[in-house]
Structure formats: structure tokens, C-alpha cells
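Q: Protein chains in written order, with my numbering: chain A, 60 to 450; chain B, 1354 to 1597.
Glycine residues also receive a C-beta, built at the ideal position from the N, C-alpha and C atoms.
Here the structure is a predicted model, which is why all the values come from computation and not from measurement.
(1) Quick one: is residue 1393 of chain B near chain A, going by C-beta distance under 8 Å?
(2) Please go through the stretch 384 to 444 of chain A and give each complete beta strand (DSSP E) segment of 3 or more residues, from N-terminal end onward.
(3) By alpha-carbon positions, which one of A:403, A:311, A:261 ends up nearest to residue 349 of chain A?
(4) Taking 8 Å as the threshold, find out whether the stretch 431 to 442 of chain A comes into contact with the stretch 394 to 413 of chain A through three or more Cβ pairs.
(5) Is the distance from the Cβ of residue 280 of chain A to the Cβ of residue 1454 of chain B below 8 Å?
(6) Counting pairs of Cβ atoms below 8 Å between the stretch 1367 to 1386 of chain B and the stretch 1549 to 1558 of chain B, do you hit three or more?
(7) Can you list the beta strand (DSSP E) stretches of 3 or more residues lying completely in the stretch 179 to 233 of chain A, in chain order?
(8) Taking the alpha-carbon positions, what's the residue 430 of chain A to residue 254 of chain A distance?
(9) Based on Cα-Cα distance, which residue from B:1492, B:1506, B:1513 lies nearest to residue 1548 of chain B?
(10) With H, G and I counted as helix, E and B as strand and the rest as coil, what does DSSP make of residue 1429 of chain B?
(11) Report buried or exposed for residue 1501 of chain B, applying the criterion of at least 16 other Cβ atoms within 10 angstroms of its Cβ.
(12) Hey, residue 427 of chain A and residue 342 of chain A: beta-carbon distance below 8 Å or not?
(13) Would you call residue 384 of chain A buried or exposed, if buried means 16 or more other Cβ atoms sit within 10 Å of its Cβ?
(14) Assuming residue 161 of chain A and residue 125 of chain A are in contact, meaning their beta carbons sit under 8 Å apart, how far apart are those beta carbons, in whole angstroms?
(15) How many Å lie between residue 362 of chain A and residue 371 of chain A at the Cα?
(16) In whole angstroms, what separates the C-alpha of residue 299 of chain A from that of residue 306 of chain A?
(17) Comparing the C-beta of residue 1433 of chain B with each C-beta of chain A, is any distance below 8 Å?
(18) At the level of alpha carbons, what is the spacing between residue 67 of chain A and residue 107 of chain A?
(19) With DSSP as the reference, identify every bridge partner of residue 167 of chain A, one or two as the case may be.
(20) Going by DSSP, what residue range makes up the alpha helix (DSSP H) through residue 1532 of chain B?
(21) To the nearest angstrom, how far is the alpha carbon of residue 344 of chain A from that of residue 303 of chain A?
(22) Is the CB of residue 1516 of chain B under 8 Å away from at least one CB in chain A?
(23) Tell me which residue opens and which closes the beta strand (DSSP E) that residue 1382 of chain B is part of.
(24) Name the residue from A:228, A:272, A:283, A:122 whose alpha carbon lies nearest to the alpha carbon of residue 1436 of chain B.
(25) My understanding is that residue 410 of chain A touches residue 235 of chain A, with C-beta atoms under 8 Å, so please give their C-beta distance in whole angstroms.
(26) If I'm right that residue 1479 of chain B touches residue 1445 of chain B with Cβ under 8 Å, what's the distance once you round it to whole angstroms?
(27) Name the DSSP bridge partner or partners of residue 1537 of chain B?
(28) Which of the residues in the stretch 272 to 288 of chain A, read from start to end, lie with their CB under 7 Å from any CB of chain B?
(29) Using a Cβ-Cβ cut-off of less than 8 Å, give me the residues of the stretch 1453 to 1475 of chain B that come near chain A, in sequence order.
(30) So, helix, strand or coil for residue 236 of chain A, using DSSP?
(31) Quick check on this structure: which residue in B:1536, B:1558, B:1587, B:1531 has the alpha carbon closest to the alpha carbon of residue 1369 of chain B?
(32) Residues in the same chain with beta-carbon distance under 6 Å from residue 1430 of chain B, minus the five sequence neighbours each way, listed in chain order, please.
(33) What does a CB cutoff of less than 7 Å around residue 382 of chain A pick up in its chain, not counting 5 residues either side in sequence?
(34) So for residue 1362 of chain B, helix, strand or coil by DSSP?
(35) Considering just the uninterrupted stretch of the alpha helix (DSSP H) at residue 1575 of chain B, what are its terminal residues?
(36) On the criterion of 16 or more Cβ atoms from any shown chain inside 10 Å, does residue 388 of chain A qualify as buried, or is it exposed?
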């Protein structure tokens, strides 16, 4: 039997017997992403739904001073809660999201026709309170506009006088592109899934084997080292790919349980999406396998390799982070940059767009070329004398 | 037949091997005796192609590992100092893996494997995963794994290290059996008794050089000591790093 295949089969078999590898490669790696995704999405979606649907409960101080205002607010959907003492402290301590205070000066100013002040007490650093605050403000502005219009009419003027400019918005987003924006971090989950999927094998097959002193006897066999290395890389990439496939299946299932349609969003995680993502990610399986093996070959022990690899894991985050800080208009050449190409392609697919054949070709060619360079570098390190010597 | 000619190997400042020459003949047990750190392991590693010498030449049946390392490795059965097993594989699977890497077909592997399991007395634990094996069981498995392809040359680096008396005796008997089959057996040790009891030829190494190369009788003659132990100490010049 071919030596590379022998090594590949042995590594796969041995690692399928290892609970730690199975947990990280085939459970944690692929399922952590979808799990976090569902959790996060549910929180986000719940928040968005809160905006429109749930009754808004707000403590009102001095409600008796402005019965008309309070009555109007109730009509808009606000539920008046009894007044509380020390509203500022209550907001800071998160006892209330927002408190409305109608000062003693309100009736006097209102009756004179002066601007009457109401106070909205909130804490802008509490992001979860932003939605109720916004809703209260919108209601107050609406009341103010309505009353202003009535006053103008009473003086024989058209309310249009007070509105010299009207803004009409024309949103060009589609339900899918709105979803895509929300799911911009999904490519990262796929990339990390592939990375984690192969990581433990890469460590175990090089640093681990050296630490357990089995690398020296292995290299004494009449097989060129690069053949042994290819078998090991193949096994690592196979686990990474298996992890990715599981991840895609999990995301597909997650798509069913997310109530995205309630938000007027659509997301397609079907077979066509999964197939394209798999194709785009394939070069990364090879690239990561060799980078991880390369790094492990420099580590003296399993632990050291683990430390190095957790640093290397930051690498796939770069494109996601850069793109979120400075969104760029995508150009074809960017697809030729490994990791960036995957990020752009998957984001485009999530937005309901499609990737062209040229773009897929660029991702594959550049990805496999980079992987090849990494493999060649690893072959060189594998040929070195010191690799086999256990400390 | 293994020939070693004027090997040199330096690690940084340290001259680990500094002009070692000897030969190990077929049908003989050749022992490399020397204190810890004398350069035995480095010499053997150059022999089994894990390291390449800075200077000098190794010939295994006339083949130079610098020219054709794979052909040399095919002729060798090696038990390195580091002989870790795959703990999630059984002893049998460990042996089979190396058999396949040697390019043997499955039938030949099975036949050789069972013969070695029989010869080394591994019957009770061959089907178990090697995790938790005793030192003796580990060494036996590692030897079976190294010899599955039936090589003519057997190189063993400190094979009895850490073995108890019974296992050591079994190991020595096995080495004699290999010699009687006409194989070239080369092993290293820092234990004088062992070398004296086993070897047809003794190569004493100290400070990276060959201090003596002779049969046990010749060594006694050369040094004028009737006791082999005293002879060794006299040759090496110190007792440090040796064990009785």
C-alpha cells in the first residue's frame, strides 16, 4: 500500500479513537458557531421585535400635571407606571429603562403657550435601554407635532408652514441584504470551524508524536519524510473538512429555527449556499493544515504547540475585523487574497448576491497556491535533523 | 555488514562524535560500550540515517545512506533510544503500521507479526491498546515493530534500559537468537556486565572516540586485567557514567 495512504489511514483511525480530538474537531468546532449564532440572533431579533410589539412600561412622575399628554401617550401604546422616587438612581441601577418626569413648571408654560419641558431620564451607556428611550422620544415628538399643528390651525395658519422640508427615504436594501448585514460575522464561524477542526490533529501528529518519542522510529522506516508528512496533512485537512461540513449542516438547521421572516429578512442557508461555501473554503483546509503543522513542528511539546496555535488562530479574524472597521467596496482582486476572498464571497452569498466564476476561480487558485507554498515550507522543516529528536 | 569510517558530528561547540570507525559483522553481536554522553546514540543515529555526519562514511552492505537512505533503512531494523508507541493503537496495530510502511503485503505482515509475537512472548497483551503497558511490554512491542520486515541488520539503542531482570534475560536471549539466524546485531549499552555477557565484539567509545575495538578476550589481554570490568575502566580512564 502507498506509504502516504498508510499514514493517512492510521492517523484517521487513531484520532477517531481520541475523545479530545473528536470533541474539538467534530463537536465543539462545528457546533459552537451555529450555537452562538442562534443565541445571538435570538437576542437581536427579540430586541427588534420589542420595538414594535410589546407595551412600553414607563414610570411617569407628575402625571397629574399633564393629563392630556399622558392620555395621548397611552393611546400611542405607553403604559403609565406609578411614579418612583430617585429616578436618576433607578435608571443607573437598571431598575427602570427610562423614566418620564413632568416638572411642576409644565402646566404654567403650557397654558402660556411657551415650550413646556418634559424630562426623559435614561442612561445612554445601557444599550438595552436604547429602544424604549427611542420609543418614548418618538411618542413625545409626535404629541408635540400634533399639538403644534393644532395651535397653528387655531391661528388660521396651515401646519405646512412649520414643515419647510419633508424627508422621504427610499431604502434599497432587500430582505436578504438586511439579513446579510446582520450575519456579517458568519464567515468567521466557518473559518474558525475549519481551523479548530484540524488543530488538534496538527498538534498531535507532529508535536504530540515528538513528545511521545514515536517520531524517531517512524522516520527510520524506508519512506521519504515528505510522504509521511503528506499523509499527516491529509488526515488533518480531512478532519478540518469534516468539521466544516458539520458546521454547514448545523447552520442550515439553524436557519429553520430563526424567526428572521418576522423582521422582514430572508436568509438562504440551503444546499446551493452550503456547496459554494464548501468549495470556497476547501483551500483553507489545506492551508491551515500545513500552517498548523509547520507551527507544531517548531514547538518542543504539545502544550507549546497549543499556545502557538491559539495565537495563529487570530489570523483568520483579521479580514473580518478589518472589514467591519472599514467596509470596502469589493473588487475582484480581493478574491485572490486568501481569507479575505472567503470572507467577501460568503458575505456576498448571505446578502443574496452571487459569486462569479472568476471570483470562485481566484479564491481557489490563490488559496491552493498559498497552501502549496505552506506545504513546501513544512516539507523543508520536516526534513530537518532536529525535528525527529525528542528533547 | 555495517562499516563505519571516521564519523564526525558536532552540535554547536560540542564534538559529540569525533572520528569513530568500526565494523559490525553478520552473525555477530557487536556492542557499543561507553559512559552516558560518550556519543553512542549520535553514532547510531548517523547509522540509521536520522542524522547525517559532518564527515566520514557509513556503509550498510556496501550501500551509503548519504546516497540512498531509503535502501539503507530497508536493510535495518532499528530500536531507537526513543521508542514511543501509539497508545491508541493495539500492539498488533502498532506492528502492522510499520509493516505497511515497509511496503510489505498484508499476508507477509500477518505472518511475521505472529512469529515475532510468539518469539518475544507477547501473546497475552498483543491485542490490547498500548496505553498502560509496562516498560517490558513496551520494549517488546517496539522491537517487534522494528523487526517486522525481517531485516538482516538489527540496531538496538540501550535495549535493556529500564527492564527488570526477567525482561532483560528475555531480551538477551532474543538477541542471541537473532545472531544465530546470521543477522548483524549492533547494540549500545553503558552496562559492562551486559556487554561482557553478550558480545562477540566490543567497541568502547569515550569522548566521541573509539577507545578500544576487540573481542572480550583480546580486551583482557590488551589491558593485562583478567577482570573485564577492570579492563573497561582502564580503557575509558574513569568509572564515571558506567554501570556494572
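A: Reading from the atomic positions:
(1) Counted from its first residue, the second chain places residue 1393 of chain B at position 40. Not closer than 8 Å to any Cβ of chain A, the Cβ of residue 1393 of chain B fails to qualify, so no.
(2) none
(3) To locate residue 349 of chain A, count along the first chain from 1; it is residue 290. Checking every option, the nearest Cα to that of residue 349 of chain A belongs to A:261.
(4) no
(5) Sequence index remark: in the first chain, residue 280 of chain A carries index 221 (1-based). Sequence index remark: in the second chain, residue 1454 of chain B carries index 101 (1-based). A contact, by the Cβ cut-off of 8 Å.
(6) yes
(7) none
(8) Start at 1 with the first residue of the first chain, and residue 430 of chain A comes out as number 371. Start at 1 with the first residue of the first chain, and residue 254 of chain A comes out as number 195. If you take the alpha carbons of residue 430 of chain A and residue 254 of chain A, they lie about 14 Å apart.
(9) Here residue 1548 of chain B refers to the residue found at position 195 when the second chain is read from its first residue. Ranking B:1492, B:1506, B:1513 by Cα distance to residue 1548 of chain B puts B:1513 first.
(10) The residue labelled residue 1429 of chain B in the question sits at position 76 within the second chain. Correct three-state label for residue 1429 of chain B: strand.
(11) By one-based count along the second chain, residue 1501 of chain B stands at place 148. Buried is the call here.
(12) Position 368 of the first chain, counting from 1, holds the residue named residue 427 of chain A. Position 283 of the first chain, counting from 1, holds the residue named residue 342 of chain A. Result yes, Cβ atoms of residue 427 of chain A and residue 342 of chain A sit closer than 8 Å.
(13) Looking up residue 384 of chain A in the first chain gives position 325. So residue 384 of chain A counts as exposed.
(14) For the purposes of this step, residue 161 of chain A is identified with residue 102 of the first chain, where counting begins at 1. For the purposes of this step, residue 125 of chain A is identified with residue 66 of the first chain, where counting begins at 1. Rounded, the Cβ-Cβ distance is 5 Å, consistent with contact.
(15) Translated into the one-based positions of the first chain, residue 362 of chain A becomes position 303. Translated into the one-based positions of the first chain, residue 371 of chain A becomes position 312. Computed Cα separation, rounded: 14 Å.
(16) Walking along the first chain from the start, residue 299 of chain A turns up at place 240. Walking along the first chain from the start, residue 306 of chain A turns up at place 247. Straight-line Cα distance between these residues: approximately 10 Å.
(17) Mapped onto the second chain, residue 1433 of chain B falls at position 80. By this cut-off, residue 1433 of chain B is an interface position.
(18) Against the first chain, residue 67 of chain A aligns to sequence position 8. Against the first chain, residue 107 of chain A aligns to sequence position 48. Distance between the alpha carbons of residue 67 of chain A and residue 107 of chain A is about 49 Å.
(19) Residue mapping note: residue 167 of chain A aligns to position 108 of the first chain, counting from 1. BP columns for residue 167 of chain A are empty, so no partner.
(20) The residue given as residue 1532 of chain B occupies position 179 in the second chain. Run containing residue 1532 of chain B: 1518 to 1533, per the alpha helix (DSSP H) assignment.
(21) Mapped onto the first chain, residue 344 of chain A falls at position 285. Mapped onto the first chain, residue 303 of chain A falls at position 244. Residue 344 of chain A and residue 303 of chain A: Cα-Cα distance of roughly 9 Å.
(22) By one-based count along the second chain, residue 1516 of chain B stands at place 163. It does not; no Cβ of chain A falls within 8 Å.
(23) Counting from one through the second chain, the residue named residue 1382 of chain B turns up at place 29. 1382 to 1386 is the span of the beta strand (DSSP E), which, as asked, contains residue 1382 of chain B.
(24) The sequence position of residue 1436 of chain B within the second chain is 83, counting from 1. Ranking A:228, A:272, A:283, A:122 by Cα distance to residue 1436 of chain B puts A:272 first.
(25) Here residue 410 of chain A is taken as the residue at index 351 of the first chain, counted from 1. Here residue 235 of chain A is taken as the residue at index 176 of the first chain, counted from 1. Indeed they touch by this definition, with Cβ atoms about 6 Å apart.
(26) Indexing the second chain from 1 puts residue 1479 of chain B at position 126. Indexing the second chain from 1 puts residue 1445 of chain B at position 92. That belief holds up - the Cβ atoms of residue 1479 of chain B and residue 1445 of chain B are roughly 5 Å apart, short of 8 Å.
(27) Taking the first residue of the second chain as position 1, residue 1537 of chain B is located at position 184. According to DSSP, residue 1537 of chain B bridges with B:1506.
(28) 272, 273, 275, 276, 278, 279, 280, 281, 282, 283
(29) 1453, 1454, 1455, 1456
(30) Indexing the first chain from 1 puts residue 236 of chain A at position 177. In this structure, residue 236 of chain A counts as helix in the three-state DSSP scheme.
(31) On the second chain, residue 1369 of chain B is found 16 positions in, with the first residue counted as 1. Cα-wise, what sits closest to residue 1369 of chain B is B:1558.
(32) Numbered from 1 along the second chain, position 77 holds the residue referred to as residue 1430 of chain B. Here the set comprises 1499, 1500, 1504, 1507.
(33) As a working mapping, residue 382 of chain A is identified with position 323 in the first chain. Taken in chain order, the residues that qualify are 402.
(34) Within the second chain, numbered from 1, the residue matching residue 1362 of chain B stands at position 9. Strand.
(35) Residue mapping note: residue 1575 of chain B aligns to position 222 of the second chain, counting from 1. Looking at the DSSP string, the run of the alpha helix (DSSP H) that includes residue 1575 of chain B is 1569 to 1576.
(36) Against the first chain, residue 388 of chain A aligns to sequence position 329. Under this definition residue 388 of chain A is an exposed residue.
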